[in-house]
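These notes concern the structure reproduced below.
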Amino acid sequence: MKTGQTLPKITFQTRVRDESIEGPNPFRWEAKTTDDYFAGKRVVLFSLPGAFTPTCSTYQLPGFENGFADFAALGVDEIYCMSVNDAFVMNKWAEAQGLKNVKVIPDGSGEFTRRMGMLVRKDNLGFGLRSWRYAAIVNDGKIEAWFEEPGLCDNHGEDPYGISSPETVLDWLREDAKGQAA
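Going by my numbering, the first residue of the sequence shown is number 1238, and it counts up by one from there.
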């Protein structure tokens, strides 16, 4: 569906550690653009409804984190996890998950997600606007492969998970590598 599409140009508001700042919160704001994350790289981007939620924290994020070496062996430079959460939440979630490989991208206002056509209402869970679960292989800012969970709609009664799983994305990369070698 979105294969071949170029990612929207967005500026994300992130928080980065800065040792020159004293005190208990040594972080500063840093604006990062779509190009900062995606230009000149082949990456896996996966987006999910919320940090600290069960499926995201138990399966999807740990699967990408633990499988990073397999992704890298198939030509992936980075793996990014995005959610419609602010930088404070995303950084705390990354810390709580002990991330070493996957990098988080806060889409606090949901602007990137909206422009991707993946912003949905999750008022039925008290979440408000969030991302529908999906994954993509992005090569230099252009979508190479797209993995969207079925049933995209507002206030979906379930949280489908499988098509955007690390295993599915890795299987696609393996098949693609075989095709490239042939």
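Each residue gets a CB set at the ideal place from its N, CA and C atoms; glycine is no exception.
This structure is a prediction, so every number in the text was calculated from the model and none was measured.
Between T1271, E1386, G1241, which lies nearest to P1403 when the distance is taken from Cα to Cα?
-> Selected option, being the one with the closest Cα: E1386.
Can you tell me the Cα-Cα spacing of F1283 and K1246, whole angstroms?
-> Cα to Cα, the separation comes out at about 17 Å.
Rounded to whole angstroms, how far is the Cβ of F1264 from the Cβ of I1342, which I believe are closer than 8 Å?
-> Not quite, the Cβ-Cβ distance comes to about 16 Å (not below 8 Å), so this is no contact.
Ordered along the chain, which non-local residues of its own chain (more than five positions away) have a Cβ less than 6 Å from that of A1333?
-> None.
How big is the Cα-Cα spacing for A1306 and V1313?
-> If I take the Cα positions, the gap works out to 9 Å.
Inter-residue spacing [alpha-carbon to alpha-carbon] between A1418 and A1310 | In a straight line, the C-alpha of A1418 is about 14 Å away from that of A1310.
Put R1425 into one of helix, strand or coil per three-state DSSP.
-> The requested residue 1425 is not part of the displayed model; the chain covers only 1238 to 1419.
Go ahead and label R1370 buried or exposed: buried means 16 or more other beta carbons lie within 10 angstroms of its beta carbon, across all protein chains shown.
-> Result: buried.
Of all the options R1279, V1253, W1266, G1287, which has the alpha carbon lying nearest to the alpha carbon of D1377?
-> Comparing Cα-Cα distances from D1377 to each of R1279, V1253, W1266, G1287, the minimum goes to R1279.
What do you reckon, are the CB atoms on A1372 and K1329 nearer than 9 Å?
-> No, they are not a contact pair.
Return the first residue and the last residue of the beta strand (DSSP E) that V1341 is part of.
-> In this chain, the beta strand (DSSP E) harbouring V1341 covers 1340 to 1343.
Measure from the alpha carbon of D1273 to the alpha carbon of each residue in N1262, K1239, P1299, Y1317, then state which is nearest.
-> It is Y1317 whose Cα lies nearest to the Cα of D1273.
Do T1350 and M1319 come within 9 Å of each other at the CB atom, strictly closer than that value?
-> The beta carbons of M1319 and T1350 sit closer together than 9 Å.
DSSP-derived helix/strand/coil call for V1406 = In the structure shown, V1406 falls within a helical segment according to DSSP collapsed to helix, strand and coil.
Proximal residues to G1399 (C-beta, below 8 Å), its chain only, five neighbours per side dropped = Here the set comprises E1386, T1405.
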